[in-house]
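Worksheet for the structure shown next.
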Amino acid sequence: MPKPTKGPRLGGGPAHERLMLANLAQSLFEHKSIKTTETKAKRLRPVAERLVTFAKRGDLHARRRVMGIIPSKSVVHELFTEIAPLVAERDGGYTRITKLGFRKGDNAPWCRSSSCSSP
Numbered sequence: 179m180p181k182p183t184k185g186p187r188l189g190g191g192p193a194h195e196r197l198m199l200a201n202l203a204q205s206l207f208e209h210k211s212i213k214t215t216e217t218k219a220k221r222l223r224p225v226a227e228r229l230v231t232f233a234k235r236g237d238l239h240a241r242r243r244v245m246g247i248i249p250s251k252s253v254v255h256e257l258f259t260e261i262a263p264l265v266a267e268r269d270g271g272y273t274r275i276t277k278l279g280f281r282k283g284d285n286a287p288w289c290r291s292s293s294c295s296s297p
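Numbering-wise, our numbering puts 212 at position 34 of the sequence shown, and it's gapless, one number per residue.
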């Protein structure tokens, strides 16, 4: 029996969505800012916030939890050594979504998702 989905899916199944969000989070932490559709940015925000919260803990278990989501060791190292100390006093709100208008071609709402790396 089909069950209703919990929230909007980004395309494909749940596994594809999980991988897409992991790739978006990796790009966000690597480049500090990415341009994407508004729906993807809104779905990315809680994932990125959770990863930064793990990085703020800084212990080995937290690093392994983040490595389970983001496979790039260099991005994880940057997250733990550069981004987490900058937002150590913050209790949340590590990402910012700025609307940019509409994409040419399919008129999808376009926005910039950036990490707030300043305290």
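Positions of the beta carbon are idealized from the N, C-alpha and C atoms, including for glycine.
For N285, which option in S291, S250, E216, K220 has the closest C-alpha, if you only look at C-alpha atoms? E216
Per-residue burial, S211 [other beta carbons within 10 Å of its own, 16 or more giving buried]: exposed
Cβ shell of C294 (< 6 Å), same chain only, five flanking positions each side left out: Y272, R274
Beta-carbon within less than 7 Å of M198's beta-carbon, same chain only, minus the 5 sequence neighbours each way: which residues are those? L188
Mind checking whether V244 and L257 have CB atoms under 8 Å apart? yes
Determine the direct distance from the alpha carbon of P180 to that of S292, and round the result to whole angstroms. 37 Å
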